[in-house]
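**Student:** Following the UniProt record's numbering, the numbering of the sequence shown begins with 1 at its first residue and continues without gaps.
By construction, the Cβ of each residue, glycine as well, lies at the ideal position given by its N, Cα and C atoms.
Please read all numbers here as calculations on a predicted model, not as lab measurements.
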Amino acid sequence: MRRRAADFRRPLRRRFPNALWWVLCGVAVLLFIFTLSRGNQMESRPVIPTRYRNDRLMEGLNITEEMLNPNSVSRQLNDQIALAKAFVVIAKESNNLQFAWELSAQIRSSQILLSNAATRRIPLTIRESETAIHDMALILYQAQQLHYDSATMIMRLKAKIQALEEQMSSVSEKSSKYGQIAAEEVPKSLYCLGIQLTGEWFRNSNLQRKTKDRKQIDMKLKDNNLYHFCVFSDNILATSVVVNSTSINSKSPDKIVFHLVTDEINYAAMKAWFSINSFRGVVVEVQKFADFTWLNASYVPVLKQLQDSETQSYYFSGNNDDGRTPIKFRNPKYLSMLNHLRFYIPEVFPALKKVVFLDDDVVVQKDVSDLFSIDLNGNVNGAVETCMETFHRYHKYLNYSHPLIRAHFDPDACGWAFGMNVFDLVQWRKRNVTGIYHYWQERNVDRTLWKLGTLPPGLLTFYGLTEPLDPSWHILGLGYTNVDPHLIEKGAVLHYNGNSKPWLKIGMEKYKPLWEKYVDYSHPLLQRCNFH
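(1) In or out: R56 buried (at least 16 other Cβ within 10 Å) or exposed?
(2) D223 and V257: beta carbons closer than 9 Å?
(3) So for S369, helix, strand or coil by DSSP?
(4) Does the pairing of the region 357-370 with the region 241-254 give three or more beta-carbon distances under 8 Å?
(5) Can you tell me whether G507 is buried or exposed? The criterion is at least 16 other CB atoms within 10 Å of its CB, across all chains shown.
(6) Counting pairs of beta carbons, one from the region 470-478 and one from the region 375-390, are three or more of them closer than 8 Å?
(7) Just curious, the beta strand (DSSP E) that residue 539 is in, first and last residue?
(8) For V380 and Y439, what's the separation of their Cα atoms in angstroms?
(9) Which class does R121 belong to by DSSP, given the choice of helix, strand or coil?
(10) Rounding to the nearest angstrom, what Cα-Cα distance links L460 and C414 in this structure?
(11) Buried or exposed, going by whether 16 or more other CB atoms sit within 10 Å of the CB of F289?
(12) Name the two residues that bound the continuous alpha helix (DSSP H) containing V243.
(13) Let's test the definition: count the other Cβ atoms within 10 Å of the Cβ of M168 and tell me whether it reaches 16, buried, or not, exposed.
(14) For L352, collect the residues of the same chain with a Cβ closer than 7 Å to its Cβ; drop the 5 residues on either side in sequence, then sort them by chain order.
(15) Have a look at Q98, W450, G477 and flag the residue whose alpha-carbon is nearest the alpha-carbon of F418.
(16) Taking N482 as the reference, give the member of Q144, L504, R203, K512 with the closest Cα.
(17) Evaluate F343 with the Cβ neighbour count: other Cβ atoms within 10 Å of its Cβ, from every protein chain shown; 16 or more gives buried, anything less gives exposed.
(18) Quick check on DSSP: helix, strand or coil for A5?
(19) For N421, which three-state DSSP category applies?
(20) Ends of the alpha helix (DSSP H) at V380?
(21) Measure the CB-CB distance between K160 and E93 and report whether it falls below 9 Å.
(22) Can you tell which of K215, R121, S250 has its C-alpha closest to the C-alpha of K366?
(23) A91 to A84, Cα distance in whole Å?
(24) Note down, in chain order, each residue of its chain lying with its Cβ closer than 8 Å to the Cβ of E43, except the 5 sequence neighbours on either side.
(25) Going by C-alpha to C-alpha distance, which of H486, S247, V348 sits closest to D291?
(26) How many Å lie between S278 and S247 at the Cα?
(27) What residues are listed by DSSP as bridge partners for P187?
(28) When you compare only the Cα positions, how much space is there between L113 and V171?
(29) Give the secondary structure of F409 by DSSP, where H, G and I count as helix, E and B as strand, and everything else as coil.
(30) CA-CA distance, V422 and P350?
(31) Give me the Cα-Cα distance between K255 and A492, rounded to the nearest whole angstrom.
(32) Is Q98 closer than 9 Å to L140 when the C-beta atoms are compared?
(33) Just mark P456 as buried or exposed, buried being the case when its beta carbon has 16 or more other beta carbons within 10 Å.
(34) Would DSSP call L12 helix, strand or coil?
(35) Per DSSP, what are the beta-bridge partners of F531 in this structure?
(36) Could you tell me which residues DSSP puts in a beta bridge with I374?
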């Protein structure tokens, strides 16, 4: 019998275990890859902690379920606290401090409950808040029994508001009145200066003789090739500052002529001051309006109105108005001829063709000779417009409920300012501007067209006859408000319009140096009268 080879079936026995092993390895690798990919997917998703999800859930519950639910205990407590706080204020107003303290204590108790609920993030239950709600309801009911209900609150608040408004109105009226009195006062030093100068004028015959020797001066007073300025004032020091500042800043002071007009009382003092002092060759003429024979009641409506007893009572006693008109409109200075003389400039200076009118509360800080070469384009008045704001338009100065005003003037027409004006006297005479002024002044006897002052009649008189000037020629507001420093620096004429004049104690301190640098405080007369 043939013998088998020893290794004939061994390869067949090892083949099946090897295949199974490779299959199992492949499955393991696939499972590993699958597990790894699932892990990566889970890591890519944000993991939200359980506590954070609960917090968000509770926060959402507090906002939506509690505050929007009409049956919410927290909402009921909040409403009670809000009402109790209002009652605390009223209890204090009624001087019931004990009850106010009780209300505050109950408010704190309810607030502690709400705070604890918010800390543990669990809504309040009726059981734990029942006592607080009941106690708060009782004390709120007690507040209503003490007439702290809504209707009483409204009535008391209305009464309080009315009382405060009346108090504010009274304080405002007193402030306006005292401010006006302070603005109109003549400082002791200024009064002293007038007395000293008047005495000097009548004692010193050389001063009077000096003013009579004026042949050359008289020629300059009528020379239209020179620069003519006019000032109407009874304030010696203020007028001196106007003349001095103009002369110091002028390139040609020898070509400047100042025409000053004052009243009878200050005439001698004004003459003496401008005779004693020199201003770099500037010619200064002083007149008094009492010497103008044409200035009488038959020609001037203001003088005619002064003879009326009702007008005198309105301005000088103030008993027929029941306080309806502000005190500033009842100031007798508005009837002063020194104020209204600006409407008679051609009569005052019959030989002149062009003048620059200046108020006595201005400072000239640049050469202003170019004003005389400005073309007014056939107009009479050259002035800086002030309608950058709505309250400087015509409807703020005039009574547009009057048919005469409504028919002739545009309410949105631009206003302008007196204080630095260029007047073409040739055109003035040609257009009879003074006659226009008389027309409107006579129709305002009952003060129905405008209240008072010279600006409203000026707006009517020069309506359609005013040429706008560059704003830098005339900077306003230094006597009552804050002015942009850049405007002040560039301005040619600074105007202290308002109550806070620089020579008064109530003057605005930051603007006083601009005026005071043109006052020679070392002058013997000023030192004698305690100017400082």
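**Tutor:** Well, looking at it:
(1) Low confidence applies to R56: its pLDDT is 42, below 50, so where it sits in the model is not reliable, and the reading given next is rough at best. Flag for R56 reads exposed.
(2) yes
(3) helix
(4) yes
(5) buried
(6) yes
(7) Outside the shown range of the chain (1 to 532) lies residue 539, about which nothing can therefore be said.
(8) 18 Å
(9) coil
(10) 12 Å
(11) buried
(12) 236-248
(13) exposed
(14) N224, H228, L425
(15) G477
(16) K512
(17) buried
(18) Its pLDDT being 46, under 50, A5 is placed unreliably by the model, and nothing is read from it.
(19) strand
(20) It is not in any alpha helix (DSSP H) - V380 carries neither H nor E in the DSSP assignment.
(21) yes
(22) S250
(23) 10 Å
(24) Because E43 carries a pLDDT of 45, less than 50, the predicted location of this residue cannot be relied on, and the following value inherits that uncertainty. Nothing meets the Cβ criterion.
(25) V348
(26) 10 Å
(27) DSSP, once it has assigned bridges, lists no residue as partnering P187.
(28) 48 Å
(29) coil
(30) 16 Å
(31) 18 Å
(32) no
(33) buried
(34) At L12, the pLDDT of 43 sits below 50, so the modelled position is not reliable; the number obtained from the coordinates is stated separately. L12: helix per DSSP, three-state reduction.
(35) According to DSSP, F531 bridges with nothing at all.
(36) For I374, which the question treats as bridged, DSSP gives no partner whatsoever.
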